[in-house]
Structures are given as C-alpha cells and as structure tokens.
Amino acid sequence: MAVLDRRNRRQIANTAFVTFSTTAAVIAISALTAILYSLLVKGVSGLNLDIFLLSTPAPMSQGGLANAIVGSLMLCGVAMVGAVIVGVLAGTFLAEYSGLSPALNAYGSVVRFLNDVLLSAPSILIGLFVYYIAVKPVHGFNGWAGALALGLIAAPVVTRTTEDVLKLQAKQLRESGVALGAPMWVTIQKVLWRASSGGILTGALLAFARISGETAPLLFTSLGNQFMNFDMSKPISNLPAVIFQFGLSAYDDWQRLAWVGALLIAFAVLSINILVRVLSQEQKRS
Amino acid sequence: MTALPATTGETTRTRPAGASFDPIFLGLCAAAATLLLTALAGIVVSLLIGGWPALSHFKLAFFTSSEWDPVKDIYGGAGPIVGTLITALLSLVFALPIAFGIAVFLVEFCPPLLRRPIGIAVELLAGVPSIVYGMWGLFIFAPLFRDFVEFPLITWAPPGSIWEKLFQGIPNGSGILVASIILSVMILPYIAATLRELFLTVPAKVRESAYGVGCTTVEVVWSVTLPYVRRSAIGAVMLGLGRALGETMAVTFIIGNSHAFPKGLFDGGSTIASTIANEFAEATSDMHTSALIALGFVLFVITFAVLAIARAFLGASKHG
C-alpha cells in the first residue's frame, strides 16, 4: 500500500510538472502569436503606398512614414559601417592577438569584460553619453550623434561574435598561413576572416536587427524631423522615435501610423532573424 | 657517412615580405579594442560629471526623498529608483518559472517535430523591438488587463485587508504591475534560451542513467539537471534581471509615469529609464538635467553590479 502511494505521489508530481512546463511553452507561444496578430491587424489596415511616399503629417492630415524609413536606414547604415569596422578589428584583437604576451592577455581580459558590460548596458545610458560628446558641443541634435549611439550599441555585438567565430577556426588554418610564408596580418585577412565571414555576417545582421528597433538612445541624439532630410548634421527622423511620439499622441491617424511603423520594424527585425537562421543552417550543412 | 651539420635547436625563417605591416595591423586591432574601452569609460565619466551637481546638491536626500518637482527645482530620485527595482524584480518573479518551464519542455519532452519551431519562436520573441512591446502593452494588453484583472480584483478586495492595500491605484490599465508583466514577456525568451542551452550541456549519459534507475522527469530535472548547471543558471537569471533594469521604451509606454512612490500594484510609477526618456529632451533647468543624469549614473551602477555578479557566476565556463 505504502509503495503504491509513493508511486502515485511521484506520478502525480511528475504529471503536474509536465503540465506546468507544457503550459509555460503554450503561454510563450501565445504571447508571440498575440503580439504578431495585433500588429498585423492594426498595422496592415493602415498600410498603403502613401506610407512609403509621403513624410510624417501634421495631426489630422494625410501623410506617411517615408522620411522616418529613410532616416532609420541612414542612421542604421552609418552605424553598421562603423560598428563592423571597429567590431571586427576588436574581435580579431581579442581572438588572435591577446594570446601573444601576458600583457596583451591581461588587456584582452579587461576589454572582453568591459565589452560584455557595454553589450548589456542600458541603451538609454549610451544615448546620454552620446548627448554629451556629440550633441551638447555642437548645440543641436544631429544624425551623426544618432548613428554614433547606434554604432556603440552594435559594435560590442559584432566584437563578441567575431571573437567567438575566429576562436572556432582550426589551428591548422593559422599554421597553413605561416607555412606559406604569409605575415600574420595577411593570414588573418585572407584566411581567417574569409573562413569566418559567414559567422561575422551573422553577427552583423543580429546587431543590425538589434539597433533597428532601438528607440531610447535616439530620443536625445538624432531626435526626429518632420521632413525628409538627408543631411546627417541635422536632426533626422527615424521610425522608432516616430512610433513613440505618434503612439502616445491623442490623434487617431497618428496612432494608426505608429502601428504601421511598429509593423514595419517588427517585420524587418523578424525577417533578419530568420535570414540569420537560414544562413547559419546552410553553413552547418556545407 | 657525412655528419649532419649541428643544429642549434632553433630554426630560423626569413621574415615574410610585408611582415613590417604586422605591428601596424596589431595596432589597428588594439586601437579598435581600446575604442570600446574608452566608450565605456566615457559613459561612466560623463554620467558622473553630468550628475555631480545634483548629487552634491541634494546629497543623501537624492536617494531617500521621492519629491520630484521641476517647478521648485527639487529632485529626489527615490521614486524612480524604487520603481526600477520593483518592476525588475517582479518581472523576474513572473518570467523565471515560465522560462524554466519552457526550457524543460524543450529539452525533456517536446515532440522532436515541434522542438525547432518552438525554440525558434521563443528566440524570435527576444528579437521583437521593445517599442513594439510597448505599443502592444499600451493598446492591447492594458485594456484587457484593466477589465479582466484590475476591476475584479479591486472590487473583490475586502476593505481593510492587505489585498486592498496591494490593489490600490486607479484601474486605468497602466501601472507597476502591467509594466512588470510586459517586462517579464520581454526577458522571458532570454532566460529561456540560455537555460535551454545550459540544460543541453548536461551529458546525456548522466540524465539517461537517472532515468535508468527509475526517476521521473521531475526528479531528473530537480536532482540531476539543475544541480549540474546551478552556477550558470544563476548567471543567466542575473543577465535577464540586467535587461529588465535597463529596459526603457516598453516601460515608458505603460508604467503611468508618476514620480511618487507607488502605493499599490495598480498605481502608476516610474523607472529610472522611463524618467530619463520622458524628461531629458525637455529638461527645464540645469539642475533638472543633472538630476536625470545622476539617475542614469545610479542605473549604471545597479546594472553594472548585476552584470558583474552574472559574469562571476557564468564566468569561466564561457571564455576559458
């Protein structure tokens, strides 16, 4: 009797546990579905050609998101160029050079730790910092500052992935470079970077996905602009800031535009994430 | 038989052509690394310098007073600081069991056909930008929450009981609790994904032998898997906490943005990040700006501490 009781108890506990975990998974999936569903319902209804052709309107008038889309692409593009250059070089330093001497090794550890801190630092603080170095001195919000803030968020991501990917490369690759009589920098550029290009691209895409939805650091760096603007030294409109401003406004048509903007960003970010998955899947296969 | 020439034990090699660029390339790489270092140092220094006027003017009152009055130029940051800690901790309380459940589900008994899609879906949740969560929280979730949770609970709470205190506040769908719930949806995928990866590091042999002696799933997870990954799991949870602390936009949308101490779970509040996001661009005086930056400094110190602890727990296992 006692044995049966214990077995029952264990079975009940197990069933409860299994039910609980399954419910947890169901909750997470329904959350994602609910978010995507409401995005589609609210966003698609506002979607039309004007969104891509007209600039953000005054309340109660016709308009689109063209200036914000262009602005976002410009800010993210400039930010990514800087972030990839800095991130790949810094990642290379951490993976290839920091083992060369004890001093470099110690420096590498410090950089690695602080890079991780930067990676998870609240983005709004990065915005505050950039405000101090790139907005206050020139007495005006500007696109360069916004790009700098986004770049500072993206660079640690690229650094981290570059280092991880380079460390995965076989020692023989490095030795083969040396055996051919190539100097180290040529080996790194022609052999290691090429071998890791897929992984580095993945990291860059993930960084791009991350910054394309970043709002907080843009609020007081690039600010926003009601009009189409290609001049990086002036305030530049961007999707996240427009969503923030329009979403919290009291005007129906502004709110509708905010939903469309949110749909566009979410769609872009999710497609990048899926693209990354497909890319890394193909690498595994080849 | 001719004697081989005596070797010194060292082989020499002609310097490859172009080797003179090697130190320059090293320099470039080191400079990039230093740039990241400088950026972080710059953040700390600029926050400290910018916040110093407020910190030195209000001294301890900055941390203890919740009077935030731009008109009288008096700034006490206790409201946002406490709000940050409460929302972050609450969101962790909500997210942790669910994230744990998902991780266990995916590792232990998910049908193989569903394993990848669900894993991907959970990771996609992590990719959704925070402003989208904010919109969704404000327009979709908050009204539902107000009608189906806040109203019933407030009417149900017996007067004079602890529940009445807890459920105090205007039931308008925004407030501390809603913000925490949205935050928990945001940090959930991070924690779940990391936990899942940790669980997968447990050698199959160990888990299978536990099953072999007749353990049920719950016993395997509690007595084998969890003890095996304990340290790293704490690190993963701390990383999630770090995210919740610094999260800005979603919270700004739905926390209600009042600077006083929140009186109950449904009452409006503010976090450090939401206060900065709302007021920085429109700060009325130098002291106001400085107070906001001082809040930023406090946030940095808190997140830095949490991250350092997370590192210490995750630590050696990642980069060894």
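In the order they appear, the protein sequences are chains A and B. Going letter by letter, the first sequence gives residues 1478 to 1763 in this note's numbering. Going letter by letter, the second sequence gives residues 2 to 321 in this note's numbering. The beta-carbon is built from N, C-alpha and C at its ideal position, and this holds for glycine as well. Since the structure is predicted, the reported quantities are computational estimates derived from the model, not experimental observations.
When the Cα of Lys264/B is compared with those of Ser67/B, Ala20/B and Gly170/B, which residue comes out closest?
The option with the nearest alpha carbon to Lys264/B is Gly170/B.
Can you find a CB in chain B that lies within less than 7 Å of the CB of Ile1677/A?
For Ile1677/A, the answer is no, since every Cβ of chain B falls outside 7 Å of its Cβ.
Neighbouring residues, chain A, relative to Asp23/B (Cβ below 7 Å)
Within chain A, the residues placing a beta-carbon under 7 Å from that of Asp23/B are Pro1660, Met1661 and Trp1662, ordered along the chain.
Buried versus exposed call for Arg1486/A [16 or more other C-beta atoms within 10 Å across all chains shown]
By the neighbour-count rule (16 or more Cβ atoms within 10 Å), Arg1486/A is not buried but exposed.
Does chain A have any CB closer than 7 Å to the CB of Lys319/B?
Low confidence applies here, because Lys319/B scores a pLDDT of 45, under 50, leaving its location unreliable; read the following figure in that light. Put simply, the CB of Lys319/B is far from chain A, with every gap to its CB atoms at 7 Å or more.
Determine the DSSP secondary structure at Leu1756/A, reduced to helix, strand or coil.
If DSSP states are grouped into helix, strand and coil, Leu1756/A belongs with the helices.
Interface residues of the stretch 1508-1532 of chain A facing chain B [CB-CB below 8 Å]:
Answer set for the stretch 1508-1532 of chain A: Ala1508, Leu1509, Ala1511, Ile1512, Ser1515, Leu1516 and Lys1519.
For the stretch 1645-1665 of chain A and the stretch 16-33 of chain B, state whether three or more C-beta atom pairs, one from each stretch, are separated by less than 8 Å.
Taking a contact to require three or more Cβ pairs closer than 8 Å, the stretch 1645-1665 of chain A and the stretch 16-33 of chain B qualify as touching.
Please work out which residues of its chain come closer than 7 Å, Cβ to Cβ, to Pro1534/A, disregarding the five sequence neighbours upstream and downstream, and give them in chain order.
Excluding sequence neighbours, Pro1534/A sits near Gly1540.
On a Cα-Cα basis, can you pick out the residue from Thr1510/A, Val1555/A and Tyr1609/A that is closest to Ile50/B?
In terms of Cα proximity to Ile50/B, the closest of Thr1510/A, Val1555/A and Tyr1609/A is Tyr1609/A.
Should the stretch 294-310 of chain B be called in touch with the stretch 210-230 of chain B, which here means at least 3 C-beta pairs below 8 Å?
At 8 Å Cβ cutoff, the stretches do not touch.
Is there a C-beta anywhere in chain B that falls below 7 Å from the one on Tyr1574/A?
For Tyr1574/A, a Cβ of chain B is located within less than 7 Å of the residue's own Cβ.
Buried or exposed for Thr304/B, going by 16 or more other Cβ atoms inside 10 Å?
Buried.
Is there a C-beta anywhere in chain B that falls below 7 Å from the one on Pro1599/A?
Yes, because at least one Cβ of chain B sits closer than 7 Å to the Cβ of Pro1599/A.
Looking at chain A, which residues of the stretch 261-278 of chain B have a Cβ within less than 7 Å of any of its Cβ atoms?
Across the stretch 261-278 of chain B, CB contacts with chain A closer than 7 Å involve Ala274, Ile277 and Ala278, in sequence order along the chain.
By DSSP, does Asp287/B sit in helix, in strand, or in coil?
Secondary structure of Asp287/B (DSSP, three-state): helix.
Which of the three DSSP states, helix, strand or coil, is assigned to Gly1564/A?
If DSSP states are grouped into helix, strand and coil, Gly1564/A belongs with the helices.
Looking at the C-beta of Met136/B, does it have a partner C-beta in chain A at a distance below 7 Å?
Taking Cβ atoms only, chain A reaches closer than 7 Å to Met136/B, which makes this a yes.
Please decide whether Val105/B counts as near chain A, where near means a Cβ-Cβ distance under 7 Å.
Using beta-carbon distances, Val105/B counts as an interface residue toward chain A, with a partner under 7 Å.
Output yes or no for whether 7 Å exceeds the beta carbon distance between Gln1649/A and Ala1672/A.
No, Cβ-Cβ distance for Gln1649/A and Ala1672/A is not below 7 Å.
Which value, in whole angstroms, describes the spacing of the CA atoms of Val230/B and Glu198/B?
If I take the Cα positions, the gap works out to 10 Å.
If contacts are defined as beta-carbon pairs under 8 Å, then Ala1677/A and Thr1639/A qualify, I think. What distance do you get, rounded to the angstrom?
Just to set this straight, residue 1677/A is Ile in the shown sequence, not Ala. The pair is a contact, with the Cβ atoms about 5 Å apart (cut-off 8 Å).
Report yes or no: is there a C-beta of chain A within less than 7 Å of the C-beta of Gly297/B?
Taking 7 Å as the threshold, the shortest C-beta distance from Gly297/B to chain A falls below it.
Taking only beta-carbon positions, decide if Ser1498/A is within less than 7 Å of chain B.
So, interface residue.
Rounding to the nearest angstrom, what Cα-Cα distance links Leu125/B and Arg1754/A in this structure?
Distance between the alpha carbons of Leu125/B and Arg1754/A is about 11 Å.
DSSP three-state label for Gly74/B, please.
In the sequence on display, residue 74/B carries Asp and not Gly. The three-state reading of DSSP puts Asp74/B in coil, since its state is none of H, G, I, E or B.
Contacting residues, own chain, Cβ-Cβ under 8 Å from Leu1752/A (five flanking each side not counted)
Contacts found: Leu1682.
What's the C-alpha gap between Leu201/B and Ser185/B?
Those two C-alpha atoms are separated by around 24 Å.
Contacting residues, own chain, Cβ-Cβ under 7 Å from Ser1674/A (five flanking each side not counted)
Within the same chain, Ser1674/A has no close Cβ partners at all.
Check each residue of the stretch 232-253 of chain B: if its Cβ is closer than 9 Å to any Cβ of chain A, include it; give the result in chain order.
Taken in chain order, the members of the stretch 232-253 of chain B whose beta-carbon sits within less than 9 Å of a beta-carbon on chain A are Leu240, Gly243, Arg244, Leu246, Gly247, Glu248, Thr249, Met250 and Thr253.
Using only alpha-carbon positions, find the residue among Gly1559/A, Pro1536/A and Gly1623/A that is nearest to Val1634/A.
Among Gly1559/A, Pro1536/A and Gly1623/A, the Cα nearest to that of Val1634/A belongs to Gly1559/A.
From Gly1520/A to Arg1733/A, what distance separates their C-alpha atoms?
Going by the C-alpha atoms only, they are around 7 Å apart.
What are the start and end residues of the alpha helix (DSSP H) that includes Ser1689/A?
Unbroken alpha helix (DSSP H) run through Ser1689/A: Ser1674 to Ser1689.
Val1607/A and Ala34/B: beta carbons closer than 7 Å?
Taking 7 Å as the Cβ cut-off, Val1607/A and Ala34/B do not qualify as a contacting pair.
Once the 5 residues before and after Ala311/B are set aside, which same chain residues still bring their CB inside 7 Å of it?
Excluding positions up to five away in sequence, the list reads Gly236, Met239, Leu240 and Gly243.
Rounded Cβ spacing between Ser67/B and Ala261/B (contact assumed at less than 8 Å)
Contact between Ser67/B and Ala261/B holds: CB atoms are separated by about 6 Å, below the 8 Å threshold.
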